[in-house]
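A.B. asks: A single structure is presented below for examination.
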Amino acid sequence: MNRQAAGWITHRWAKWVVLVVMLLFIGALGSFAGKLTSVQDNDVAAWLPDDAESTRVIKKAGAFYDEESVPAIVMLSSSERLGPQDLAAAQTVSREIAALEDVPIGQITPPIPSRDGQAIELVVPMTLDDDSWEKLPDWIDEIRDASESGIADTDLRVDIGGPAALSADQAESFAGIDGILLLSAVGVVVVMLLLTYRSPILWLIPLFCGLMSVFASQGLVYVLAKYGGLTVNGQSAGILSVLVLGAGIDYALLVVARYREELRRYEDRHEAMAHALHRAAPAIIASGGTVVIGLLCLLFAQMNSTAGLGPVGAAGIAVSLLIMLVLLPALLVIFGRWVFWPFIPHFGDPERTDRGFWSGVGRRIAKAPRVVWVVTTLVLVALSFGVVKLDATGLSNEEAFTSTPDSVIAEERIAEHFPAGAGDPVQVISTADGAPQVRSALASVEGVDPATVTPPRTKGDVSYIEATLSVPSDSSAAQDAIEDIRDAVGAVDGADALVGGTTALNLDVQQASAADNRLIIPIILAVVLLVLMILLRSVAAPLILLVTVVLSFAAALGISALVFRYVFDFAGADSSFPLFAFVFLVALGIDYNIFLMTRVREEALVHGTRRGALIGLAATGGVITSAGLVLAGTFSALATLPVVFLAELGFAVAIGVLLDTIIVRSVLVTALNLDIGKRIWWPSALGRTDGAQRAESSSASTA
1 MNRQAAGWIT HRWAKWVVLV VMLLFIGALG SFAGKLTSVQ DNDVAAWLPD DAESTRVIKK
61 AGAFYDEESV PAIVMLSSSE RLGPQDLAAA QTVSREIAAL EDVPIGQITP PIPSRDGQAI
121 ELVVPMTLDD DSWEKLPDWI DEIRDASESG IADTDLRVDI GGPAALSADQ AESFAGIDGI
181 LLLSAVGVVV VMLLLTYRSP ILWLIPLFCG LMSVFASQGL VYVLAKYGGL TVNGQSAGIL
241 SVLVLGAGID YALLVVARYR EELRRYEDRH EAMAHALHRA APAIIASGGT VVIGLLCLLF
301 AQMNSTAGLG PVGAAGIAVS LLIMLVLLPA LLVIFGRWVF WPFIPHFGDP ERTDRGFWSG
361 VGRRIAKAPR VVWVVTTLVL VALSFGVVKL DATGLSNEEA FTSTPDSVIA EERIAEHFPA
421 GAGDPVQVIS TADGAPQVRS ALASVEGVDP ATVTPPRTKG DVSYIEATLS VPSDSSAAQD
481 AIEDIRDAVG AVDGADALVG GTTALNLDVQ QASAADNRLI IPIILAVVLL VLMILLRSVA
541 APLILLVTVV LSFAAALGIS ALVFRYVFDF AGADSSFPLF AFVFLVALGI DYNIFLMTRV
601 REEALVHGTR RGALIGLAAT GGVITSAGLV LAGTFSALAT LPVVFLAELG FAVAIGVLLD
661 TIIVRSVLVT ALNLDIGKRI WWPSALGRTD GAQRAESSSA STA
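Heads up: the sequence shown at position 391 corresponds to 391 in full-length UniProt numbering, and the numbers run straight through without jumps.
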C-alpha cells in the first residue's frame, strides 16, 4: 500500500469518513448473513459434475420415479416370530404415518415381512425439496411417534433407517453449525488476544473487526449463491466462519504489531499508522492474495462441493482483507494510544528487536544454523512417515460420525433381517432392446440379491431396473459391487447401460475427490511458488520456502494420521481430506512465510541477510506465533462437531499451523536464512551485493 492511500485511511478527518463508509458496507452485506442457510445445497447428488455416471442416471431415471422422493425405512421387529396381530399393527402404523399432515409422505409400500419372520418393513417415500433439509429431523421424529403409536399394544420395536433418516441425522449434526463454530472460535480468539496484548481494551477492536468480517462475508456468499449460481453447503458455510475469523485476526495482529512499533518512532499516531500500513500492508495483501488464489484453484475440481468452497473461502478472505486494512486502522487511530493500556507504546521508547524471547532463539540458532536446519528437517521427515496410516478412501455412514446416530443403529438392525442394502437400491438405466440382457447380467453379479432384481420398466427407448445389494450399501464391499455391476452391464452390446443409486453416487464422489487431489495440489504449489517469486524477487528463496511448506504439510499429515488411528480411533478419512488439509495448510501456512520473509528482506536491504534474518525473527516471531495460535484455535473449533471429516480437518490444520509457526517458520526458515546468507535472494541484485555492502557502497560514494 503506498503512503498516500495509507495516509488517507488514517487522516485526521478522513478516518471518520472511512468509519462511516465501512460500517454502511458491512451493514449492507451483513443484512443477508442470516439467509445463508436458505441457499445451501446439501444434496450429495448436486456435489458431482453433470457427466458423472450416477448423475446421468438421476437425470434419465426421473421418468420412472419422483426425483425428489427419498425413502425412510420403518422396521417393526421382535425377538420372536411375528403373528397376525403384528401384521395388523404394521397396517395400523402405515395408516398412522400416511395420516401425518405436516410430513410430505408418498405412497407407502405394503408391509414386507422378513425371511426369518421376525420383522416387518415399510418403505415410506418422503418428497423433499430444497427447503426440506432443516425440517427432516422433525419429520423423522413425527414418523417415529406415529409408528410407536401404532404398536402401542404390542411388544414390537421401531427402527427408522434409510436415506431419509440418515439425512435427518446429518442435518441435525450440521444444525446451528455456524453459530456453534463461531461461538467456539470467538472464545479461543478472545483468550488468545488477551494473552497476546495483555490489555483489557485492545482485544475488543480486532475482535469486532473479525466478527464484522464474518457477517459481511456470509452476506456476500449468500448474494453469490442466490444470484451467481455458487454452490454452498453446510460444510463450506461452517468452514467459512472459521476461516474468515482466523485469517482476519492474523492480519489484525500484524497490523497492530507494526503500528505498535511505529508508535515508538512517530509522535503523531496518524503518521505512525500511515507508516505501519505502508510497511505491513504489502505482506498482508500478498498473504491474503495467495490464500484467495490458492482457494480459487479449487475451481478446477470435478466435485461441485469442492469447487464451490474455492469462491466461498476466497470471498471471505477478500472481505476480511478489506476490513482489516481499512476499518481496523481507522478504529485504532480514532481510539488513540490509550487502547494499549497498561503497556502503552510511547514516542522514543527503545526498539525491542535486540531482546526478548525470539531474539534469544535467533542468537542460539546463529551459533550452528546448519545443524539446526538439518536436525529439524530430519525430525519433520520422520514425523511425515505417519502418513502411511492415513486411510483416505472414504467412510461408511457409521464411520462418518463421531458418535452413533439412530439411523446407523437402525441400518445395522435392518441388515439383521433384510438384505443389507434394502431401501437403497442400485439403479440401472439401459436401452429398451438391451434391458433383458442387462437384467440377467445384473442378477449374476456377486453382491446383488438376485431375487430383488426388478423386471425392466420401459418408457420410449429407455428401460429402468432396480436391485438390492446383499452387503451394506455404504460399505467398501458395496462400492466394489458397483464397479463389478458397471463392468457386467457395460459389456452388454448396444445397451448403453448406466449404474446409479446412493452407493454408486458415493463411489463417484470418492473417485472424483481422488482425481481432484492429483490435479489441484500441483496447481496450488505452482501458484504459491509464482506468488513468492514475484513478492521476494527471487528464485532460490521461493523454492526453499515451498519445500518447507510441503515438509510441514507432510509432517502434520503424519502426526494427524497416527492420532486419528491410535488416539481418536477413527476408521479412516474421506478421500477429499488430503486436498482440504493441503489447501488450508499451504494457503494459510504461506502467510507466515510471507510475514517473516518480507520483513527479513526489508531488514536485509539495510543490515545484510544474516543480520536481517535475526531482526526479522525478533520482530515477527511473537506476532507469527500469536497468529498461529489464533488460527490453530479457531480451526480446532471444528472438532466440536459430531462429523469425523470436520473433526479431522480441524485437528490437522491446527497441528499443521502450530508446526508452521513454532518450528518451520521461526526455526527452520531462520536457520536456512542464516546458513545460505545472501545466496537465498538469487538471482536478484540483493543476492549479489547483500544489503550491508550496498549501504557501505552508498555511504562511500556520498563521502
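Think of the CB as a built atom: it goes at the ideal place given N, C-alpha and C, for glycine as much as any other residue.
(1) Cβ atoms of residue 408 and residue 418: under 8 Å apart, would you say?
(2) Can at least three beta-carbon pairs, one atom from the region 428-447 and one from the region 466-474, be found at a separation below 8 Å?
(3) Compute the Euclidean distance between the alpha carbons of residue 25 and residue 538, then round it to the nearest angstrom.
(4) Assign residue 169 to one of three DSSP states: helix, strand, or coil.
(5) Using the Cβ count rule (16 or more neighbours within 10 Å means buried), how would you classify residue 372?
(6) Could you name the residues of the same chain whose beta carbon sits closer than 8 Å to that of residue 129, not counting the 5 residues immediately before and after it, in chain order?
(7) In terms of residues, what are the limits of the alpha helix (DSSP H) holding residue 566?
(8) At which residue ranges does the region 6-75 contain complete alpha helix (DSSP H) runs of 4 or more residues, listed in the order of the chain?
(9) Can you tell me which of the three DSSP states residue 427 falls into?
(10) Taking the straight line between their C-alpha atoms, what separation do you get for residue 724 and residue 328?
(11) Less than 8 Å between the C-beta atoms of residue 594 and residue 535, yes or no?
(12) In three-state DSSP terms, what is residue 694?
(13) Can we count residue 625 as close to the ligand GTP, meaning its CB is less than 7 Å from some heavy atom?
(14) If you follow the alpha helix (DSSP H) that residue 508 is in, where does it begin and where does it stop?
(15) Does DSSP put residue 159 in a helix, a strand or coil?
(16) Using 10 angstroms around the beta-carbon of residue 215, count the other beta-carbons present and answer buried if the total reaches 16, otherwise exposed.
(17) Going by the CB atoms, is the gap between residue 61 and residue 500 shorter than 8 Å?
(18) Within the continuous beta strand (DSSP E) that includes residue 457, where are the two ends?
(19) Check residue 687 in the structure and name its three-state DSSP category.
(20) In the structure shown, what three-state DSSP assignment does residue 303 receive?
(21) Consult DSSP for residue 220 and reduce its assignment to one of helix, strand or coil.
(22) Have a look at 552, 644, 186 and flag the residue whose alpha-carbon is nearest the alpha-carbon of residue 207.
(23) What does the alpha-carbon distance come out to for the pair residue 684 and residue 606?
(24) Could you tell me the alpha carbon to alpha carbon distance between residue 525 and residue 546, rounded to whole angstroms?
(25) Using the Cβ count rule (16 or more neighbours within 10 Å means buried), how would you classify residue 558?
(26) Specify, as a first and last residue, the run of the alpha helix (DSSP H) that residue 432 falls within.
(27) I need the boundaries of the beta strand (DSSP E) containing residue 465, first residue and last residue.
(28) Counting C-beta neighbours from all protein chains within 10 Å, is the total for residue 599 16 or more, i.e. buried, or is it exposed?
(29) Measuring CB to CB, does residue 424 end up less than 8 Å from residue 162?
(30) Give the range of the beta strand (DSSP E) segment to which residue 120 is assigned.
(31) Considering only residues of the UniProt domain "SSD" (210-334), which uninterrupted beta strand (DSSP E) runs meet the minimum length of 3 residues and lie entirely inside it, listed in chain order?
(32) Between 136, 23, 366, which has its C-alpha nearest residue 675's C-alpha?
(33) Near residue 275, which residues of its chain fall below 6 Å by C-beta distance, leaving aside the five closest residues on each side in sequence?
(34) Assign residue 510 to one of two classes, buried (16 or more other C-beta atoms within 10 Å of its C-beta) or exposed (fewer than that).
(35) So, at 6 Å on beta carbons, what are the nonlocal neighbours of residue 112 in its own chain, with the 5 sequence-adjacent residues on each side left out?
(36) List, from N- to C-terminal side, the alpha helix (DSSP H) runs of 4 residues or more that fit wholly inside the region 655-681.
C.D. replies: Answer, in terms of the structure:
(1) For the purposes of this step, residue 418 is taken as the residue at position 418 of the sequence shown. For the purposes of this step, residue 408 is taken as the residue at position 408 of the sequence shown. It is not a contact, given that the beta carbons lie outside the stated cut-off.
(2) yes
(3) For this step, residue 25 is matched to residue 25 along the sequence shown. For this step, residue 538 is matched to residue 538 along the sequence shown. The C-alpha of residue 538 is placed about 38 Å away from the C-alpha of residue 25.
(4) In the sequence shown, the residue the question calls residue 169 occupies position 169. Correct three-state label for residue 169: helix.
(5) The count along the sequence shown starts at 1 and reaches residue 372 at position 372. Buried: at least 16 other Cβ atoms inside 10 Å.
(6) Taking the first residue of the sequence shown as position 1, residue 129 is located at position 129. Counting only Cβ-Cβ distances below 8 Å, and skipping sequence neighbours, we find 68.
(7) Indexing the sequence shown from 1 puts residue 566 at position 566. Its alpha helix (DSSP H) spans residues 540-566.
(8) 14-30, 53-61
(9) On the sequence shown, position 427 is the one that residue 427 refers to. It is a strand residue.
(10) There is no way to answer for residue 724, as the model of the chain reaches only from 1 to 703.
(11) As a first step, residue 594 must be located in the sequence shown, where it is residue number 594. As a first step, residue 535 must be located in the sequence shown, where it is residue number 535. Yes, Cβ-Cβ distance for residue 594 and residue 535 is below 8 Å.
(12) To locate residue 694, count along the sequence shown from 1; it is residue 694. Unreliable positioning characterises residue 694 in this predicted model, as indicated by a pLDDT of 48, which lies under 50. A coordinate reading is not provided.
(13) The ligand content of the structure shown is nil, which means the ligand GTP is not present either.
(14) Position 508 of the sequence shown, counted from the start, is the residue given in the question as residue 508. Here the alpha helix (DSSP H) through residue 508 covers 502-536.
(15) Locating residue 159 in the sequence shown gives position 159, where the first residue counts as 1. DSSP places residue 159 in strand when its eight states are reduced to three.
(16) Locating residue 215 in the sequence shown gives position 215, where the first residue counts as 1. Residue 215 should be labelled buried.
(17) What you label residue 500 is simply residue 500 of the sequence shown in a count that begins at 1. What you label residue 61 is simply residue 61 of the sequence shown in a count that begins at 1. Yes; because the gap between Cβ atoms is below 8 Å, this pair is in contact.
(18) Here residue 457 refers to the residue found at position 457 of the sequence shown. Residues 457-459.
(19) Position 687 of the sequence shown, counted from the start, is the residue given in the question as residue 687. Residue state, collapsed to three classes: helix.
(20) Locating residue 303 in the sequence shown gives position 303, counting from the first residue. In the structure shown, residue 303 sits in coil (DSSP, three-state: anything other than H, G, I, E or B).
(21) Start at 1 with the first residue of the sequence shown, and residue 220 comes out as number 220. Here residue 220 sits in helix by DSSP.
(22) Translated into the one-based positions of the sequence shown, residue 207 becomes position 207. Out of 552, 644, 186, 186 has the C-alpha closest to the C-alpha of residue 207.
(23) Here residue 684 refers to the residue found at position 684 of the sequence shown. Here residue 606 refers to the residue found at position 606 of the sequence shown. Their backbone Cα atoms lie some 16 Å apart in a straight line.
(24) For this step, residue 525 is matched to residue 525 along the sequence shown. For this step, residue 546 is matched to residue 546 along the sequence shown. So the two alpha carbons sit approximately 8 Å from each other.
(25) Start at 1 with the first residue of the sequence shown, and residue 558 comes out as number 558. So residue 558 ends up on the buried side.
(26) One-based indexing of the sequence shown puts residue 432 at position 432. First-last for residue 432: undefined, no H or E at that position.
(27) In the sequence shown, residue 465 corresponds to position 465, counting from 1. It spans 462-467 - the beta strand (DSSP E) in which residue 465 sits, taken as one unbroken run.
(28) What you label residue 599 is simply residue 599 of the sequence shown in a count that begins at 1. Classification for residue 599: buried.
(29) Residue 424 sits at position 424 when you count from the first residue of the sequence shown. Residue 162 sits at position 162 when you count from the first residue of the sequence shown. Going by C-beta atoms, residue 424 is nearer than 8 Å to residue 162.
(30) By one-based count along the sequence shown, residue 120 stands at place 120. Where residue 120 is concerned, the enclosing beta strand (DSSP E) stretches over 119-127.
(31) none
(32) As a first step, residue 675 must be located in the sequence shown, where it is residue number 675. Taking only the C-alpha atoms, the option nearest residue 675 is 366.
(33) Looking up residue 275 in the sequence shown gives position 275. If we look at residue 275 and ignore the five residues flanking it on each side, its Cβ neighbours are 262.
(34) Looking up residue 510 in the sequence shown gives position 510. When all chains shown are included, residue 510 counts as buried.
(35) Within the sequence shown, numbered from 1, the residue matching residue 112 stands at position 112. Closer than 6 Å at the Cβ level, and outside the excluded window around residue 112, lie 121.
(36) 670-676
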